[in-house]
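Structure record follows, encoded as structure tokens.
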Amino acid sequence: MGEGSPPSGVDVTVPNVARMYDYYLGGKDNYAADREAAEKVIAVMPGSQAGARANRAFLVRAVRYLAAEAGITQFLDLGAGLPTQNNVHEVALSVNPDARVVYVDWDPVVCAHSRALVRTPHNVGVVEADLRRPETVLRHETTRALLDFSRPVAVMMVSILHFVDGSDDPQGIVAQYRDATAAGSHLAVSHLTGDLLEKARPEETARAKEIYRRTATPVHLRTHREIHELFKGYELVDPGLAWLTGWRPDEPGPDRSTVVRLKERSGATAEEAPGYGGRIPAYAGVGRKL
Ligand SMILES: C[S@@+](CC[C@H](N)C(=O)[O-])C[C@H]1O[C@@H](n2cnc3c(N)ncnc32)[C@H](O)[C@@H]1O
Numbered sequence: 226m227g228e229g230s231p232p233s234g235v236d237v238t239v240p241n242v243a244r245m246y247d248y249y250l251g252g253k254d255n256y257a258a259d260r261e262a263a264e265k266v267i268a269v270m271p272g273s274q275a276g277a278r279a280n281r282a283f284l285v286r287a288v289r290y291l292a293a294e295a296g297i298t299q300f301l302d303l304g305a306g307l308p309t310q311n312n313v314h315e316v317a318l319s320v321n322p323d324a325r326v327v328y329v330d331w332d333p334v335v336c337a338h339s340r341a342l343v344r345t346p347h348n349v350g351v352v353e354a355d356l357r358r359p360e361t362v363l364r365h366e367t368t369r370a371l372l373d374f375s376r377p378v379a380v381m382m383v384s385i386l387h388f389v390d391g392s393d394d395p396q397g398i399v400a401q402y403r404d405a406t407a408a409g410s411h412l413a414v415s416h417l418t419g420d421l422l423e424k425a426r427p428e429e430t431a432r433a434k435e436i437y438r439r440t441a442t443p444v445h446l447r448t449h450r451e452i453h454e455l456f457k458g459y460e461l462v463d464p465g466l467a468w469l470t471g472w473r474p475d476e477p478g479p480d481r482s483t484v485v486r487l488k489e490r491s492g493a494t495a496e497e498a499p500g501y502g503g504r505i506p507a508y509a510g511v512g513r514k515l
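Residue numbering for the sequence shown follows my numbering, beginning at 226 and increasing consecutively.
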């Protein structure tokens with residue numbers, strides 16, 4: 226197993242990625258070390274808070290699409306994070322009161338917060354586990370009790386795979402979840418990218434990565450092609466692998482024009498997306514298992 230081990234209990238002196246993300250989102254579940262690290266990232270990457278909000282907005286749009294349009298009733302949310310507004314179960318249950326959701330996170334504090342929030346235990350479960358060990362997640366009694374793997378399941382890997390080191394074989398991890406699910410299951414991914422960012426702002430990018438190296442979860446930026454490869458065995462639904470804000474935006478607008486269509490051209494690069502300037506450096510996509 227590569228870098229990174231689960232945070233043990235609450236160490237308020239070490240910045241924690243779940244709590245930094247909570248800070249970006251304007252939450253209260255963070256400590257001085259988290260705020261200090263997050264502010265350092267914001268100083269070099271002023272779009273970090275907007276990026277976190279845009280990521281949550283993608284999560285909501287993806288769950289709504291999956292529940293309302295793709296007919297998905299079961300969700301496995303890997304690297305679920307601290308509960309905030311519009312959590313997966315809230316969105317899914319608002320579409321279908323029979324929906325089932327399993328939240329997985331390796332951070333005991335995140336799991337405690339999630340358990341406290343869940344008032345519908347027959348619909349929602351929380352599993353404390355390392356998502357890099359799919360067999361542990363998939364065999365967990367809570368997962369087994371709530372999800373029926375003979376029927377389609379949506380595997381949510383939203384803003385999480387950039388915390389998985391290449392030596393841990395992210396593609397292999399995604400494939401293990403894929404192989405455990407039935408045809409018609411879905412995969413939703415958002416992932417930070419270095420496309421353009423590393424070229425346009427190399428020093429700032431290096432400094433932000435350095436700050437994350439002090440947490441349990443260093444950041445690994447990946448290219449459009451690398452993120453697209455994570456969808457092996459899935460057919461990307463329209464509009465393919467897009468800029469985060471360009472994936473089925475609620476409001477039709479300029480973001481539509483930034484969509485990078487990769488269904489046909491897996492070699493496309495971010496340069497092909499018009500109007501990159503200042504854009505949130507992340508891609509998002511949803512695939513349907515063939
Ligand atoms: C940036 S948050 C993303 C939260 C949520 N998915 C979202 O997009 O809003 C990343 C979460 O992944 C968790 N995490 C990081 N590495 C993990 C691992 N190997 N196994 C399980 N959870 C992990 C962290 O504890 C954190 O809560």
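No residue lacks a Cβ here, since even glycine has one placed at the ideal position from N, Cα and C.
Give the range of the alpha helix (DSSP H) segment to which residue i is assigned.
i: K265; result: 257–269
i: K253; result: No alpha helix (DSSP H) contains K253, which DSSP labels as neither H nor E.
i: H453; result: 449–454
i: D404; result: 395–405
i: R432; result: 427–438
Please state if the CB of residue j and the CB of residue i are separated by a distance shorter than 8 Å.
i: Y402; j: I452; result: no
i: G272; j: I436; result: no
i: G510; j: L466; result: yes
i: A379; j: L284; result: no
i: R426; j: V462; result: no
i: A263; j: M245; result: yes
i: P308; j: L342; result: yes
i: L515; j: G471; result: no
i: V329; j: V313; result: no
Need the endpoints of the beta strand (DSSP E) that residue i sits in, please.
i: K514; result: 507–514
i: T417; result: A small correction: the amino acid at residue 417 is Leu; Thr does not occupy that position in the sequence shown. Run containing L417: 411–417, per the beta strand (DSSP E) assignment.
i: D463; result: Looking at the DSSP string, D463 is not in any beta strand (DSSP E), and its letter there is neither H nor E.
i: V380; result: 379–383
i: L303; result: 299–303
When the Cα of residue i is compared with those of the options, which residue comes out closest?
i: A305; options: P377, F388, R473; result: F388
i: A433; options: M381, H365, M270, H411; result: M270
i: T238; options: G252, E261, K253; result: E261
i: L303; options: P240, I385, P474, N312; result: I385
i: L446; options: W468, C336, H416; result: H416
i: F300; options: D390, A337, L455, L371; result: L371
i: Y249; options: R278, R473, R344; result: R278
i: A354; options: V334, V266, L342, T345; result: V334
i: N241; options: L455, W472, R439; result: R439
i: R473; options: E294, D259, M381, V266; result: E294
i: V444; options: G391, F374, Y256; result: G391
### Query
Unbroken beta strand (DSSP E) runs of length 3 or more, entirely within the segment 307–365: which are they?
325–330, 349–353
### Query
What beta strand (DSSP E) runs, 3 residues minimum, are completely inside the segment 268–296?
none
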